[in-house]
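Asker:
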Amino acid sequence: MYENFTELAKRALATSQDAALSLGHDYIGTEHLLLGLTATAGTAGEVLRAHGVDLAQARDQTVRLLKTAGVDASGGKSARDALASIGIDVGEIQRRADEAFGAGAFRFPRPAFTSRAKNVLKLTLQAAADLGQQRIDTEHVLLGLLEERDGRAHQVLAALNVNAEALRRAILDRVSQQAA
Amino acid sequence: MSAEGTPATALAGRLTDKDPAVGLDAVVALRRVLEEMERLHVDNAREQGWSWQTIATALQVTRQSVHEKHATRRKVTGKEN
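Chains as they are written, first to last, in numbering that gives the first Met the number 0: chain A, 0 to 179; chain B, 0 to 80.
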């Protein structure tokens, strides 16, 4: 499904994964997609920053919200412990895999998209289709993200006093300008 | 973790615990490590020139399913064309 994604859109998704990893989360949720888009060049990042979404602040709010929600930020320590208890030493596998295949080839736990984040990707494709655009770019990912209202990204935006509807209109304005 | 017996005993205990949370946790952890190992070895096989069919046969799945699962991912990450 990523064949139609632009390089920037792919980079935003990869950066979302990096954000999840660096925060010690073992999943990629809407909050990480927001961080990925904010950190990446392109229309979405420009609109987000113009509306006062600052990467450091967004990151701080994300950490704060997830801490309050009691989300595990130990980099999958419980999964590692579960495996250790059944005799699988993930640290040792990691060390040997790095040696045999190069650093990063084996990653545990590799963050996977949550069902809401998957839904965002679905809504992203829909947003591009609705606009009659073939290539999926960062602005479509942001439109998809704004459409998924139950995600934590919306809570982060609210905490930053950023109006989601204003963001959506700004994106659509930019898209129609580009088309003109 | 308390020292109750050998690792093999701990393994048996964990996987047969009557508490669903313990058993299901162990299953998820196993599945995630299995998925990661598959990814690692499919990548390695491709880099050593194995065909998708040969990999599929080794994994005892269809060529289509292994291709769907790994080919796009490898293209997106620039590992193959």
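Where a beta carbon is used, it is the ideal one built from N, C-alpha and C, also for glycine.
Out of curiosity, what's the CA-to-CA distance linking B/D18 and B/A28?
Answerer: Within the second sequence, residue 18 of chain B is the residue found at index 19, counting from 1. Within the second sequence, residue 28 of chain B is the residue found at index 29, counting from 1. Going by the C-alpha atoms only, they are around 16 angstroms apart.
Asker: How is the alpha helix (DSSP H) around B/P155 delimited, first residue to last?
Answerer: With chain B covering 0 to 80 only, the question about residue 155 of chain B has no answer from this structure.
Asker: What does B/A25 touch in chain A if you count any residue whose Cβ is under 7 angstroms from its own?
Answerer: As a position in the second sequence, residue 25 of chain B is number 26, starting the count at 1. Here the neighbours are A81 and I85.
Asker: With a Cβ-Cβ cutoff of 8 angstroms, do A/I27 and A/T123 count as a contact?
Answerer: Along the first sequence, one-based indexing puts residue 27 of chain A at 28. Along the first sequence, one-based indexing puts residue 123 of chain A at 124. No, Cβ-Cβ distance for A/I27 and A/T123 is not below 8 angstroms.
Asker: Identify the residues that DSSP records as bridge partners of A/Y26: which are they?
Answerer: The residue you call residue 26 of chain A lines up with position 27 of the first sequence. DSSP output for A/Y26 lists A/A111 as bridge partner(s).
Asker: By the 8 angstroms beta-carbon criterion, what residues does the region 67-80 of chain B contribute toward chain A?
Answerer: T71, K74 and V75
Asker: Quick test of your reading: A/A96 and B/L58, contact by CB under 8 angstroms. State the CB separation rounded to the nearest angstrom.
Answerer: What you label residue 96 of chain A is simply residue 97 of the first sequence in a count that begins at 1. What you label residue 58 of chain B is simply residue 59 of the second sequence in a count that begins at 1. About 19 angstroms separates the CB atoms of A/A96 and B/L58; that is not less than 8 angstroms, and the two are not in contact.
Asker: Flag A/R109 as yes if its beta-carbon sits less than 8 angstroms from any beta-carbon of chain B, otherwise no.
Answerer: Numbered from its first residue, the first sequence carries residue 109 of chain A at position 110. Taking Cβ atoms only, chain B reaches closer than 8 angstroms to A/R109, which makes this a yes.
Asker: Under 9 angstroms between beta-carbons, which chain B residues line up against A/A78? List them in chain order, please.
Answerer: Counted from its first residue, the first sequence places residue 78 of chain A at position 79. Per Cβ cutoff of 9 angstroms: D24, V27, A28, R31 and V32.
Asker: Give every residue of the same chain whose Cβ lies closer than 7 angstroms to the Cβ of A/D136, excluding the five residues on either side of it in the sequence, and list them in chain order.
Answerer: Looking up residue 136 of chain A in the first sequence gives position 137. Hits under 7 angstroms: T5, L7, A8, G41 and T42.
Asker: Going by C-alpha distance, which of A/R10, A/A72, A/G86 and A/L166 is nearest A/L144?
Answerer: Translated into the one-based positions of the first sequence, residue 144 of chain A becomes position 145. Here the closest residue by C-alpha is A/L166.
Asker: Rounded to a whole number of angstroms, what is the C-alpha to C-alpha distance between A/D53 and A/R63?
Answerer: Translated into positions along the first sequence, residue 53 of chain A becomes position 54. Translated into positions along the first sequence, residue 63 of chain A becomes position 64. Roughly 15 angstroms between the two C-alpha positions.
Asker: Can you tell me the Cα-Cα spacing of B/H66 and A/G51, whole angstroms?
Answerer: Counting from 1 along the second sequence, the entry for residue 66 of chain B is found at position 67. Counting from 1 along the first sequence, the entry for residue 51 of chain A is found at position 52. So the two alpha carbons sit approximately 43 angstroms from each other.
Asker: Where does B/K71 land, buried or exposed, given buried means 16+ other C-beta within 10 angstroms?
Answerer: As a position in the second sequence, residue 71 of chain B is number 72, starting the count at 1. It is worth fixing the name first, because residue 71 of chain B is Thr in this sequence and not Lys. Exposed, by the Cβ-count rule.
Asker: Can you find the residues in the same chain that come closer than 8 angstroms, C-beta to C-beta, to A/K66, ignoring five residues on each side of it along the sequence?
Answerer: As a working note, residue 66 of chain A is residue 67 in the first sequence. Correct list, in chain order: A72.
Asker: Closer than 7 angstroms by C-beta to B/A55: which residues in its own chain qualify, once you throw out the five before and the five after it? Chain order, please.
Answerer: Within the second sequence, the letter at position 56 stands for residue 55 of chain B. Only T61, R62 and V65 meet the Cβ criterion.
Asker: Report the neighbours of A/Y1 on chain B: residues whose CB is nearer than 9 angstroms to its CB, in chain order.
Answerer: Position 2 of the first sequence, counted from the first residue, corresponds to residue 1 of chain A. Going along chain B in sequence order, the residues near A/Y1 (Cβ under 9 angstroms) are T71, R72, K74 and V75.
Asker: Can you name the residues of chain A whose CB is closer than 7 angstroms to the CB of B/L39?
Answerer: The count along the second sequence starts at 1 and reaches residue 39 of chain B at position 40. Result: A96, F100, A104 and F105.
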